[in-house]
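Undergrad: Order-wise, the sequence lines are chains W, S, E and V. Count the first sequence with the UniProt record's numbering and you get residues 1 to 342, in order. Count the second sequence with the UniProt record's numbering and you get residues 1 to 342, in order. Count the third sequence with the UniProt record's numbering and you get residues 1 to 342, in order. Count the fourth sequence with the UniProt record's numbering and you get residues 1 to 342, in order. All C-beta atoms in this analysis are idealised placements derived from N, C-alpha and C, irrespective of residue type, glycine included. As the structure is a computational prediction, the values presented were derived from the model and not from experiment.
4 protein chains.
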Amino acid sequence: MAVRAAVAGASGYAGGELLRLLLTHPEIEIGALTGNSNAGQRLGALQPHLLPLADRVLEPTTAEVLAGHDVVFLALPHGQSAAVAEQLGPEVLVVDMGADFRLKDAGDWERFYGSPHAGTWPYGLPELPGARAALEGSKRIAVPGCYPTAVSLALFPAYAASLAEPEAVIVAASGTSGAGKAAKPHLLGSEVMGSMSPYGVGGGHRHTPEMIQNLGAVAGEPVTVSFTPTLAPMPRGILATCTAKAKPGVTAESVRAAYEKAFADEPFVHLLPEGQWPATASVYGSNAVQVQVAYDAAAGRIIAIGAIDNLTKGTAGGAVQSMNIALGLDETTGLTTIGVAP
Amino acid sequence: MAVRAAVAGASGYAGGELLRLLLTHPEIEIGALTGNSNAGQRLGALQPHLLPLADRVLEPTTAEVLAGHDVVFLALPHGQSAAVAEQLGPEVLVVDMGADFRLKDAGDWERFYGSPHAGTWPYGLPELPGARAALEGSKRIAVPGCYPTAVSLALFPAYAASLAEPEAVIVAASGTSGAGKAAKPHLLGSEVMGSMSPYGVGGGHRHTPEMIQNLGAVAGEPVTVSFTPTLAPMPRGILATCTAKAKPGVTAESVRAAYEKAFADEPFVHLLPEGQWPATASVYGSNAVQVQVAYDAAAGRIIAIGAIDNLTKGTAGGAVQSMNIALGLDETTGLTTIGVAP
Amino acid sequence: MAVRAAVAGASGYAGGELLRLLLTHPEIEIGALTGNSNAGQRLGALQPHLLPLADRVLEPTTAEVLAGHDVVFLALPHGQSAAVAEQLGPEVLVVDMGADFRLKDAGDWERFYGSPHAGTWPYGLPELPGARAALEGSKRIAVPGCYPTAVSLALFPAYAASLAEPEAVIVAASGTSGAGKAAKPHLLGSEVMGSMSPYGVGGGHRHTPEMIQNLGAVAGEPVTVSFTPTLAPMPRGILATCTAKAKPGVTAESVRAAYEKAFADEPFVHLLPEGQWPATASVYGSNAVQVQVAYDAAAGRIIAIGAIDNLTKGTAGGAVQSMNIALGLDETTGLTTIGVAP
Amino acid sequence: MAVRAAVAGASGYAGGELLRLLLTHPEIEIGALTGNSNAGQRLGALQPHLLPLADRVLEPTTAEVLAGHDVVFLALPHGQSAAVAEQLGPEVLVVDMGADFRLKDAGDWERFYGSPHAGTWPYGLPELPGARAALEGSKRIAVPGCYPTAVSLALFPAYAASLAEPEAVIVAASGTSGAGKAAKPHLLGSEVMGSMSPYGVGGGHRHTPEMIQNLGAVAGEPVTVSFTPTLAPMPRGILATCTAKAKPGVTAESVRAAYEKAFADEPFVHLLPEGQWPATASVYGSNAVQVQVAYDAAAGRIIAIGAIDNLTKGTAGGAVQSMNIALGLDETTGLTTIGVAP
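(1) Using a Cβ-Cβ cut-off of 6 Å (strictly less than) and excluding sequence neighbours within five positions of Ala63 (chain S), which residues of its own chain qualify?
(2) The beta strand (DSSP E) that contains Glu127 (chain W), what's its start and end?
(3) Are the C-beta of Thr224 (chain E) and some C-beta of chain S separated by less than 7 Å?
(4) Assign Ile70 (chain W) to buried or exposed, taking buried as 16 or more other Cβ atoms, counted over all protein chains shown, within 10 Å of its Cβ.
(5) Is Leu21 (chain W) near Ala244 (chain W), with beta carbons less than 7 Å apart?
(6) Can you tell me where the alpha helix (DSSP H) with Asp108 (chain E) in it begins and where it stops?
(7) Across which residues does DSSP place Thr243 (chain W) in a beta bridge pair?
(8) Please decide whether Ile338 (chain W) counts as near chain S, where near means a Cβ-Cβ distance under 7 Å.
(9) What is the residue span of the alpha helix (DSSP H) that Arg256 (chain S) lies within?
(10) Figure out for me which residue from V:Ala85, V:His78, V:Leu155, V:Ser138 has the closest Cα to the Cα of Glu145 (chain V).
(11) Taking a Cβ distance cut-off of 7 Å, strictly less, list which residues of the segment 185-211 of chain E are near chain S, in chain order.
(12) For a contact meaning CB atoms closer than 7 Å, what does Ser282 (chain W) contact in chain S?
(13) Please confirm whether Pro77 (chain E) has its beta-carbon closer than 7 Å to some beta-carbon of chain W.
(14) Using only alpha-carbon positions, find the residue among S:Thr34, S:Ala172, S:Tyr259, S:Phe268 that is nearest to His205 (chain S).
(15) Classify Glu191 (chain V) as helix, strand or coil using the three-state DSSP reduction.
(16) For the segment 302-324 of chain E, which residues have a CB atom closer than 8 Å to at least one CB atom of chain S, in sequence order?
(17) On the DSSP bridge assignment, give the partners of Lys198 (chain V) in chain order.
(18) With a threshold of 8 Å on Cβ separation, who are the neighbours of Thr230 (chain W) within its own chain once the five nearest residues in sequence on each side are excluded?
(19) Hey, quick one: how far does the beta strand (DSSP E) through Arg140 (chain E) stretch, first residue to last?
(20) Take His270 (chain E) and list the residues in its own chain whose beta-carbon comes closer than 8 Å to its own, dropping the five residues that flank it on each side.
(21) Quickly, what does DSSP pair Gly40 (chain E) with across the bridge? List them, please.
(22) I believe Ala183 (chain W) touches Lys181 (chain E) by the beta-carbon criterion, under 8 Å. Please report the beta-carbon distance rounded to the nearest angstrom.
(23) Does DSSP put Phe73 (chain V) in a helix, in a strand, or in coil?
(24) Output the distance between the C-alpha atoms of Ile28 (chain W) and Gly334 (chain W), rounded to the nearest integer angstrom.
(25) Might you give, ordered along the chain, the residues of its own chain that have their beta carbon closer than 6 Å to the beta carbon of Ser115 (chain S), omitting 5 neighbours on each side?
(26) Check each residue of the segment 169-184 of chain W: if its Cβ is closer than 7 Å to any Cβ of chain V, include it; give the result in chain order.
(27) What is the rounded straight-line gap between the Cα of Ile305 (chain E) and the Cα of Leu153 (chain E)?
(28) In the DSSP assignment, find the unbroken alpha helix (DSSP H) run with Tyr147 (chain S) in it and report its ends.
(29) Between Pro278 (chain S) and the rest of its own chain, which residues show a CB-CB distance below 8 Å, the 5 nearest in sequence each way excluded?
(30) Name the chain E residues that come within less than 7 Å of Tyr13 (chain V), Cβ to Cβ?
(31) Looking at C-beta atoms only, is the number of pairs between the segment 3-17 of chain V and the segment 26-40 of chain V that lie closer than 8 Å three or more?
(32) Could you tell me how far apart the beta carbons of Val143 (chain V) and Gly130 (chain V) are, in whole angstroms, since I believe they sit closer than 8 Å?
(33) Helix, strand or coil, according to DSSP, for Leu23 (chain W) in the structure here?
(34) Could you give the DSSP three-state label for His270 (chain W): helix, strand or coil?
(35) Out of W:His117, W:Phe73, W:Pro222, W:Pro233, which one is the CA nearest neighbour of Tyr159 (chain W)?
(36) Is the segment 292-301 of chain E in contact with the segment 201-220 of chain S, if contact means three or more CB pairs nearer than 8 Å?
Dropping the structure here:
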């Protein structure tokens, strides 16, 4: 019997990507689709690439509309998920693609989001140590942010193997869909094509505490993170360049071995052969993560680089992967490691 | 029992897209993959987006390597398919993604390709009148060119309904993957980003006689075609703007009715609701065709616009669709109308 | 003594491009800069590429602010120029970069713009027959639309030499800056990158009557125009593919000769050598127009293709060129035919 | 009397950009233009954006052709400048845009370039402490690499003011023109559009020792550099994100003050107002450098970000700026801080 899924926030980029995946998920039946300002509109006008759903009409995001589903995905602006979630019964699997339930530290939440902390749910990055166990059977899932997904997967093996000093320096480039579908002048095509620019420099990006939380948990000690996100002239993709000073005694071989061990059994994370480097184009539309790592002996640093599709593994694909685990399905159901390239 | 398929020319863009589709085709088992200059290399180095095939090694394109498959796809440069095809037995389904067997008129072939005509195979554009019947059970398929796919689908209903004068004017924009993977200076990213430019102007493009052949067959009279292709700064997609003078008595309503009728039962061709226009982004990576049509009363012309992914419906998806028909499978098997957007 | 110029609408793309050109114009001193919603802001925040003007502050668009200048450029939304212009004295050179004073036919204006017709000013496309004489010494200039600039220059020689039937079919691709700086969802980078799409199909684009006006005047008879604009994934540039049926007796030679004659003495319009085709990248940031023409004997059509930078020759460069003529300066002052490429 | 300049290597991107600038330089007369494989071709076919030079024909790169000029620019592949330079007399100003004479340490050269070291010339980054004095009156100039230009300018104030520990971590994104005009598959538009990817990771990039040299000289102690370059989907521009651990006692105010002091009198380097961040689009085609700096107290690091046009300030503009100094001209002659945007 099919699992019936509703999507709250079906008109945005995260909601659209989720629907793209759910449409080919063999166990899912797509139920209610909701929007707020777009309620009443045909999905064909809002998501013209989802032809099989073109004639579906968005409903308002209410408890009544979302009732009667096995899974409810929340693709809402940060801070709106908690109010919706508390109206859904404990028997419903609620998958929050926003930030509301990611952070464990209430102070971090309040500092970066400026509102009361709603709580903490099992964290939907199955590849992190211990994450799968927390997701199995869970009825609540906090899907990670797109940057923390790329960064945590690229860097955690270095901390898991105690190879890196607890001061990470990260620069990441993201495609523009990461900034959402709300029309803002600096996101116009005229502005972003041909341009690279940073934002949230100096620790201000809201994904920073999430990275600190993930890496610190693996390292077993506090990790500082210098994180600089940049906007790249492409619609999708994150390339995260993550470096940390190597601990004494580290060699290129010990770094390679740690990464091979970390990803040996992972269905979605691929450590590339030596000499080949990740490219966001290679994971376009797929749930795969490409990782490569180097040890720069002259600078004494480990450089780990990860490439993901910010909308797939970075948002909707990660959500589906975690949902699969929570429902007891094969983790890879409905997901692919095949990118759309060139 | 799975259908075993070989791909000759697996390192190029057409071959790569075909493999992307065959990987999720439920009836296909991927057999030999061949290349010429790339024989001996891992596919992971050549097609890094096809992670499940990363460890496959390209073999040389020989009759021995291609033997023992139910289907052989030829993704070879124009003029090379015939020599390979004649070494394959009549019981093998041979799908030629090159131009060799598309044209019926030997003089056209010689004029545009400068070599002897190899012959004519059933034409793999199932949506054209009579095409499906010719493909059913066939052991040889000539996959259409990417431009003729977009143009023929956008314009044939006007000719099928005798609404248009037999003089078509077509301007089409193509993504750069249509020009292939061979490194040429004018195809460098530095050259193409930020630039639109025409080529093959004045009737010189090799796809012109194919369009004339298709439209003339539907019209029942010779159709002239003024075709101007342009190179657009995007990797994939064709947007074809096709216009023809309307015959006397044509109205917006009669045009709309003709298009609704033509595509009513087509699984891949979608006539958009009035007021919505095709966009190549909406069919990115999908086998869908978006079509819209208008009647410009002041200019007395019908304007039909089609958008496809040049590598999917325009090449590899069209090949799979036709293969499905030839093999007696459901025509849509392994194909999707869901695009990857934004 | 320097000519003192004010710019009303200095925060948009047209205003910004104009300032870029005026900054290096040897006869111009930049005076007041105005905006409406942006009044009070530093230009450095709005036009960060204009470093020499970074500390200038936008003033409101009022008669008082604009008073005391020799030239006033109006880079305002369509329909707003007339009200401002009538407050400026007859001794001030007013250059309207909007549409308000381009059309001669009041009915055309009302049909396409839905408001009362404000009048007709000398038309700032100096290369058209008779245009320079009307601009010399004029105190009012209507700068052409970007599409009509590209189309009229590419196609008028065919009509001037009576080579073409009076039914033009035009498909043009424009960079996104042509759609302005107002934030709209379909202009987001995520939407336009990787996508080609048409708009205003079937005669609805407001630039159509302007093309009809220009080409008809040259032809000496009414010309119908089928015009399809498309949005291309690049910030700047227009590539206009313009075709018309050739009149009896036309040859490739007679077409070439007509174009060579038309542009022999033009400083900005370059007929490319045979075999070379225009590219928008080649005129990026320059006032040059690249034109090439072909005669397709099989289809019986002339195909003329023009490439411009929509913001330079298509808007601000054309404005400066016409201003130069009106002021009695050398027409090329402050303008260049050197593009920024790659 | 005009300064007569020859350009060896006029068909590539560096040579083309240099010619773009020289065409509007008031003191320069453009003399011989040479190429190797392209000798005998019209420049109009190779650099179609340089319309005023379209009819110039490339000559072979020989001592005879280069003789009789006041300045000779060498835009040749690395390792080829020395042989040409030694044939030019000591009275000729030779400006090498390649790497041959940048490094002081012969061992560094041999390790990174694999050939004998040709020597060291005055270094053409005038903004570095002491650089202008070495350039004044010099007859030999080594133009810096594009990445070292962006990185050194963004980071040297931190070292000049003893604010940063001598371990820099740098991630930079470059447009594709930095990789040159030679056709290579991974630089095809189809490959680079929509993709971010790193290369030369782990200290392998040839620009690393140049950064170490520059920063170490300013710091007065050896500085290690972890440098990761990435290829961005745009034709031009470098965005360099440069971080270093802050020394004890550093504050946001002391960092800001050091940067304000360093750039107070610089004509091309602009420290942006607080809150505004560099964007490569803002310096497109200009010689300007946009810099911004932040102090991340939580991570204890200084983050300095620089944006340049890799072909202008990063190559040809830097060459002209240094030539101006060597010739005793105003340093800004023929250069601009006005970008072409959007």
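TA: So, to answer that:
(1) As a first step, residue 63 (chain S) must be located in the second sequence, where it is residue number 63. The answer, listed in chain order, is Gln87.
(2) Taking the first residue of the first sequence as position 1, residue 127 (chain W) is located at position 127. Segment: none, Glu127 (chain W) is in no beta strand (DSSP E) and carries neither H nor E.
(3) In the third sequence, residue 224 (chain E) corresponds to position 224, counting from 1. Judged by the 7 Å Cβ criterion, Thr224 (chain E) is in contact with chain S.
(4) Locating residue 70 (chain W) in the first sequence gives position 70, where the first residue counts as 1. Checking the displayed sequence, the identity of residue 70 (chain W) turns out to be Asp instead of Ile. Buried, because 16 or more other Cβ atoms sit within 10 Å of the Cβ of Asp70 (chain W).
(5) Here residue 21 (chain W) refers to the residue found at position 21 when the first sequence is read from its first residue. Here residue 244 (chain W) refers to the residue found at position 244 when the first sequence is read from its first residue. No; because the gap between Cβ atoms is not below 7 Å, this pair is not in contact.
(6) In the third sequence, counting from the first residue as 1, residue 108 (chain E) sits at position 108. Taken as a continuous stretch (DSSP letters only), the alpha helix (DSSP H) holding Asp108 (chain E) covers 106-113.
(7) In the first sequence, residue 243 (chain W) corresponds to position 243, counting from 1. DSSP, once it has assigned bridges, lists W:Val169, W:Ile303 as partnering Thr243 (chain W).
(8) Position 338 of the first sequence, counted from the start, is the residue given in the question as residue 338 (chain W). By this cut-off, Ile338 (chain W) is an interface position.
(9) On the second sequence, residue 256 (chain S) is found 256 positions in, with the first residue counted as 1. Note, Arg256 (chain S): alpha helix (DSSP H), 252-263.
(10) One-based indexing of the fourth sequence puts residue 145 (chain V) at position 145. According to the sequence displayed, residue 145 (chain V) carries Gly and not Glu. Of the candidates V:Ala85, V:His78, V:Leu155, V:Ser138, the one whose C-alpha sits nearest the C-alpha of Gly145 (chain V) is V:His78.
(11) Ser190, Glu191, Gly194, Ser195, Met196, Ser197, Pro198, Tyr199, Val201, Gly202, Gly203
(12) Counting from one through the first sequence, the residue named residue 282 (chain W) turns up at place 282. Here the neighbours are Pro48, His49.
(13) Residue numbering aside, residue 77 (chain E) sits at position 77 when the third sequence is read from its first letter. Answer no: the Cβ-Cβ gap between Pro77 (chain E) and chain W never drops below 7 Å.
(14) Position 205 of the second sequence, counting from 1, holds the residue named residue 205 (chain S). It is S:Ala172 whose Cα lies nearest to the Cα of His205 (chain S).
(15) Here the question's residue 191 (chain V) lines up with position 191 in the fourth sequence. The answer is helix: DSSP assigns Glu191 (chain V) an H, G or I state.
(16) Ile303, Ile305, Ala307
(17) Numbered from its first residue, the fourth sequence carries residue 198 (chain V) at position 198. Contrary to the premise, residue 198 (chain V) reads as Pro rather than Lys in this sequence. Answer is V:Thr230, bridged to Pro198 (chain V).
(18) What you label residue 230 (chain W) is simply residue 230 of the first sequence in a count that begins at 1. For Thr230 (chain W), where only same-chain residues beyond five positions count, the Cβ hits under 8 Å are Val171, Ala172, Ala173, Ser174, Met196, Ser197, Pro198, Tyr199.
(19) Numbered from 1 along the third sequence, position 140 holds the residue referred to as residue 140 (chain E). That run of the beta strand (DSSP E) goes 140-142.
(20) Looking up residue 270 (chain E) in the third sequence gives position 270. Closer than 8 Å at the Cβ level, and outside the excluded window around His270 (chain E), lie Phe263, Ala288, Val289, Gln290, Val291, Thr337.
(21) Residue 40 (chain E) sits at position 40 when you count from the first residue of the third sequence. In the DSSP output, where bridge partners are listed per residue, Gly40 (chain E) has none listed.
(22) On the first sequence, residue 183 (chain W) is found 183 positions in, with the first residue counted as 1. On the third sequence, residue 181 (chain E) is found 181 positions in, with the first residue counted as 1. In fact, because the Cβ distance is near 11 Å, the residues do not count as touching under 8 Å.
(23) Taking the first residue of the fourth sequence as 1, we reach residue 73 (chain V) at position 73. Strand.
(24) The residue you call residue 28 (chain W) lines up with position 28 of the first sequence. The residue you call residue 334 (chain W) lines up with position 334 of the first sequence. The straight-line gap from Cα to Cα measures roughly 9 Å.
(25) By 1-based counting over the second sequence, the position of residue 115 (chain S) is 115. Cβ within range, chain order: Gly79.
(26) Val169, Val171, Ala173
(27) Taking the first residue of the third sequence as 1, we reach residue 305 (chain E) at position 305. Taking the first residue of the third sequence as 1, we reach residue 153 (chain E) at position 153. Using only the alpha carbons, I get a separation of about 9 Å.
(28) Residue numbering aside, residue 147 (chain S) sits at position 147 when the second sequence is read from its first letter. Per DSSP, Tyr147 (chain S) belongs to the alpha helix (DSSP H) from 146-160.
(29) Sequence index remark: in the second sequence, residue 278 (chain S) carries index 278 (1-based). So the list reads Leu239, Leu272, Gln290, Val291, Gln292, Ile305, Gly306, Ala307, once near-sequence residues are dropped.
(30) Taking the first residue of the fourth sequence as 1, we reach residue 13 (chain V) at position 13. The contacting residues are Pro342.
(31) yes
(32) Position 143 of the fourth sequence, counting from 1, holds the residue named residue 143 (chain V). Position 130 of the fourth sequence, counting from 1, holds the residue named residue 130 (chain V). Actually they do not touch by this definition, with Cβ atoms about 17 Å apart.
(33) In the first sequence, the residue the question calls residue 23 (chain W) occupies position 23. Note: Leu23 (chain W) maps to coil in three-state DSSP.
(34) Here the question's residue 270 (chain W) lines up with position 270 in the first sequence. Three-state DSSP puts His270 (chain W) in a strand.
(35) Translated into positions along the first sequence, residue 159 (chain W) becomes position 159. That would be W:Pro222, whose Cα lies nearest to the Cα of Tyr159 (chain W).
(36) yes
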